[in-house]
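Remarks on the structure that follows.
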Amino acid sequence: MPGSFANGRSIKVILTNHAQPRHDIVTQLVDVCLTDAPTRLAAYVERIDEDHANPRRRWREMGEPEYPSRAQVEQLEVASPCLVKEPLGLSYEGGTVRVHVDLPPHSIAAVTLDPALDPSACEAPQGDDSPALDDGQA
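Numbering (our numbering), first residue to last: 1 to 138.
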């Protein structure tokens with residue numbers, strides 16, 4: 001996607017992991033690669049899966065009530081917060097930026113790459129083995 005970051009715009013890539021009925025599904029490891037990328041980028045992911053933004057899980061734990069009580073509805077609202085932006089580590093080599101994302105079964109992930117105006121935004125999250133992208137150093 002050459003020139004995709006023109007005028008400081010970000011790029012968002014939507015990833016899904018779904019299967020046809022009666023077909024096996026497993027976690028998929030996805031590499032997102034962009035060429036001609038600037039050397040300062042911040043990356044984050046927003047997810048909908050079993051553990052993120054999922055009130056259905058809490059509803060099942062309640063016994064799948066057909067008509068939830070007011071208290072149960074409040075619990076479901078608490079279990080379905082807005083999507084959370086989780087920082088992603090990324091690497092940069094030869095003008096190409098790479099981001100690694102795991103997609104559990106029946107999930108959706110939105111990966112956003114933003115031109116980083118603040119150098120601290122390029123830092124990898126703690127515990128991430130991926131190098132952060134900073135001034136073209138991998």
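Beta carbons are placed, not taken as given, at the ideal position from N, Cα and C, and that holds for glycine.
What you are looking at is a predicted structure, and each value in this text was computed from that prediction instead of being measured.
7 Å Cβ shell around residue i - same chain, five flanking residues per side excluded
i: residue 55; result: 76, 79, 80
i: residue 26; result: 105
i: residue 59; result: 76
i: residue 13; result: 32, 111
Beta-carbon proximity check, residue i vs residue j, cutoff 7 Å
i: residue 31; j: residue 100; result: yes
i: residue 109; j: residue 34; result: no
i: residue 50; j: residue 83; result: no
Status (buried if at least 16 other CB within 10 Å, exposed otherwise) for residue i
i: residue 111; result: buried
i: residue 67; result: exposed
i: residue 116; result: buried
i: residue 37; result: buried
i: residue 97; result: buried
i: residue 19; result: exposed
i: residue 70; result: exposed
i: residue 22; result: exposed
i: residue 9; result: exposed
Sequence-distant residues of its chain with Cβ nearer than 6 Å to residue i (five each side left out)
i: residue 43; result: 88, 90, 99, 113
i: residue 29; result: 102
i: residue 48; result: 108
Residues bridged to residue i [DSSP beta-bridge criterion]
i: residue 81; result: Answer is none; residue 81 lacks a bridge partner.
i: residue 115; result: 41
i: residue 107; result: 17
i: residue 31; result: 100
i: residue 140; result: This structure does not reach residue 140, given that the chain is present from 1 up to 138, and the question cannot be answered.
Nonlocal neighbours in the same chain, by C-beta distance under 8 Å from residue i, ignoring five residues either side
i: residue 125; result: Residue confidence is low: residue 125 scores 42 on pLDDT, short of 50, so the model does not pin down where it sits. Its coordinate-derived value is still stated next. Cβ within range, chain order: 86, 87, 88, 89.
i: residue 74; result: none
DSSP-derived helix/strand/coil call for residue i
i: residue 26; result: coil
i: residue 98; result: strand
i: residue 139; result: The structure shown has nothing for residue 139, since the chain only spans 1 to 138.
i: residue 89; result: coil
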